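This report concerns only the one structure given below.
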Amino acid sequence: MLARILLLLALLLLPGTLRAEATPAEKARFASRLTIYLAKGPADVCGPGCDRWIAIEGEIDREAALRVRRFLATVKDLQRPIYLHSPGGNVEQSYAIARLLRSRKAIARVGRTIATACAAGTQADAACLKLKNASGEIEAELTTYRAMCNSACGYVLLGATSREVAPDATMAVHNSRLVLAFAGRPDPAAVAEYRRRRLLAADRDRAAFIAAMGISRELDSLIRTVKFESLHVLTRSELYGFGIDTRPLAETMWRLEKGARPFISKMAAVKKESAASFRTMEWRLYCESKNRVPLLFMGEIDAAGTGQRTIQMAASADLSKHAGGPPVRFGKYEVWNGAVDPDMVKAVLASHSLQVRETTPEPEGKADVTRFNIDLTGLPSVWTQLGTSCTSATTAPAKAWPANPLQPTTWTDTPWTAGPLPNASAAPSAAAAP
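Take 1 as the starting number for the sequence shown in the working numbering and just add one per residue.
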């Protein structure tokens with residue numbers, strides 16, 4: 001009898017949709033239909049020797065997978081990276097798109113594509129979408145800052161064989177919601193039973209999909225605990241531990257921050273070999289003043305470290321050009337604030353990396369030394385933009401250079417503007433990209 005009721009109910013229901021998506025306020029910044037297009041930008045914008053990429057953005061609608069399949073069939077360059085920026089949408093479609101990416105052994109990253117011709121608009125208005133949906137490549141800029149791949153978009157990212165989530169981008173997860181549309185007036189008990197079975201099947205499908213993508217089943221366990229009405233932003237340790245982004249050193253692009261006192265910055269999340277956690281750091285270069293360029297380093301203090309740490313930074317093209325010293329502690333953070341001369345700036349701009357060495361004294365005269373390299377790809381272009389911004393800023397009232405730039409005040413949505421590092425595990429606000 002129950003089987004007949006469920007069969008009748010299935011006939012009365014329009015196809016159910018399993019959705020994982022953001023709030024209406026968050027979705028307002030995205031097109032309601034997934035958009036796929038080719039983009040090109042400045043040299044090295046998407047990595048060394050890379051200036052072309054595939055942009056996939058907007059809500060994942062019910063026909064998205066078919067359009068992605070047709071689009072990718074025309075792109076023969078399998079090494080062209082894919083940048084995702086989406087609040088989520090249809091879960092079944094995201095699985096299908098993920099499998100398409102896996103068949104291509106795709107490179108996928110979380111990033112925002114900013115079409116040059118749409119710079120004055122929202123990037124999702126009718127005129128801009130018409131441009132993006134036309135054939136050919138779009139002139140654009142690329143940034144990971146405030147980029148998101150949330151909810152169902154996360155499943156798309158899992159399909160790629162190479163996955164990257166920059167420290168200033170987010171991947172957020174939550175449980176899905178089953179949306180049912182009725183054609184008729186079915187029995188409420190039968191509806192409840194149908195819903196229960198569909199949700200159980202959805203849980204099995206998700207677990208099987210995550211396992212097939214080679215991701216830890218702990219991700220599925222976490223998703224089950226997050227209500228649809230909420231979002232959990234994956235921490236760097238979770239991204240690494242689940243096998244989503246397995247880089248022990250994850251970096252942002254170099255980014256220009258305009259304003260009364262412009263600067264360029266890069267953030268990095270660094271994992272020590274002996275620890276499971278990551279430390280987030282940031283480097284800033286400000287406008288040149290009296291043949292000196294202010295350089296600021298900020299980072300989370302290693303909880304396992306003891307003693308006064310020393311940081312040294314050297315240009316890979318000329319190791320004699322270096323800067324650094326003991327940073328000053330502010331609560332859970334440390335700051336080194338100094339300046340470098342034009343010769344070091346030239347050496348840095350000519351280098352492929354900034355070699356960083358952190359030394360922490362230990363008992364019995366020993367020292368714990370951590371070394372890593374910060375990628376300088378894209379820095380020369382952003383440095384030129386900084387010069388232009390510095391000239392423009394001279395006509396605006398400039399803020400005094402703070403003797404104590406890192407104050408223990410509330411975190412703002414611009415990294416390091418007035419407070420400590422963001423809490424990546426906190427739920428995103430409506431103002432910032434989740």
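Think of the CB as a built atom: it goes at the ideal place given N, C-alpha and C, for glycine as much as any other residue.
All figures in this text were calculated on a predicted structure; none of them were measured in a lab.
Environment of residue i [buried if 16+ CB atoms lie within 10 Å]
i: D187; result: exposed
i: K76; result: exposed
i: S392; result: exposed
i: N133; result: exposed
i: V340; result: buried
i: P167; result: buried
i: N291; result: exposed
i: K227; result: exposed
i: E442; result: Since the first residue shown for the chain is 1 and the last is 434, residue 442 is missing from the structure and cannot be characterised.
Sequence-distant residues of its chain with Cβ nearer than 6 Å to residue i (five each side left out)
i: H381; result: Per the sequence shown, the amino acid found at residue 381 is Ser instead of His. Result list for S381: P42, in chain order.
i: A277; result: Per the sequence shown, residue 277 should be read as Ser rather than Ala. So the list reads S237, once near-sequence residues are dropped.
i: M438; result: Residue 438 lies beyond the range of the chain shown here (1 to 434); nothing can be said about it.
i: L129; result: A31
i: R371; result: R357
i: T377; result: D44 and P48
i: L249; result: V270 and F372
Whole-angstrom distance between residue j and residue i, CA atom to CA atom
i: S429; j: T113; result: Low confidence applies here, because S429 scores a pLDDT of 32, under 50, leaving its location unreliable; read the following figure in that light. Answer to the nearest angstrom: the Cα atoms are 22 Å apart.
i: G243; j: W254; result: 25 Å
i: Q312; j: P342; result: 18 Å
i: K40; j: A140; result: 6 Å
i: A106; j: L72; result: 11 Å
i: V110; j: A127; result: 24 Å
i: V156; j: I97; result: 6 Å
i: H232; j: R29; result: 20 Å
i: K258; j: A64; result: 36 Å
i: L444; j: S351; result: This structure does not reach residue 444, given that the chain is present from 1 up to 434, and the question cannot be answered.
i: H322; j: R284; result: 15 Å
i: V191; j: E59; result: 28 Å
i: P415; j: Q308; result: Model confidence at P415 stands at a pLDDT of 33, short of 50, so the residue's coordinates are unreliable; what they give is reported in the following sentence. Each residue's Cα considered, the two are about 25 Å apart.
i: R247; j: G121; result: 35 Å
Contact set for residue i: own chain, Cβ-Cβ below 8 Å, skip 5 residues either direction
i: A202; result: L18, V91, S176 and L178
i: G136; result: L38
i: D125; result: C118
i: C390; result: P262, C287 and E288
i: R224; result: N175 and D203
Residue i: first and last residue of the uninterrupted beta strand (DSSP E) it sits in
i: L379; result: Where L379 is concerned, there is no enclosing beta strand (DSSP E), although the alpha helix (DSSP H) it sits in stretches over L379 to A393.
i: V110; result: I107 to V110
i: F330; result: V328 to F330
i: D375; result: A367 to D375
i: E251; result: L249 to E251
i: Q79; result: No beta strand (DSSP E) contains Q79, which DSSP labels as neither H nor E.
i: V356; result: S353 to P361
Start-to-end residues for the alpha helix (DSSP H) that takes in residue i
i: Y145; result: Neither: Y145 is in no alpha helix (DSSP H) and is coded neither H nor E.
i: S277; result: That residue, S277, is in no alpha helix (DSSP H); it is neither H nor E in DSSP.
i: I223; result: R217 to T225
i: I301; result: Segment: none, I301 is in no alpha helix (DSSP H) and carries neither H nor E.
i: K346; result: P342 to L349
i: R309; result: Unbroken run through R309: none, as it is neither H nor E.
i: R236; result: R236 to G241
Other residues of its chain near residue i: CB distance less than 7 Å, five sequence neighbours each side excluded
i: D220; result: R206, A207 and I210
i: P405; result: With a pLDDT of 38 at P405, under the threshold of 50, the modelled position of that residue is not reliable, and the figure given next carries that caveat. Once the five neighbours on either side are set aside, the close Cβ partners of P405 are L296, V335 and N337.
i: D302; result: R279
i: C46; result: W53, P81 and L142
Nearest-angstrom Cβ-Cβ length linking residue i and residue j, presumed shorter than 8 Å
i: G159; j: L101; result: 4 Å
i: I56; j: L34; result: 7 Å
i: M148; j: P87; result: 7 Å
i: V356; j: I374; result: 6 Å
i: L354; j: A315; result: 7 Å
Residue i beta carbon near the ligand SAM (any heavy atom closer than 7 Å)
i: Q312; result: The ligand SAM is not part of the structure shown, which contains no ligands of any sort.
Beta carbon proximity, residue i to chain B, threshold 8 Å
i: R69; result: Given the protein chain composition of this structure (a single chain), no chain B is represented.
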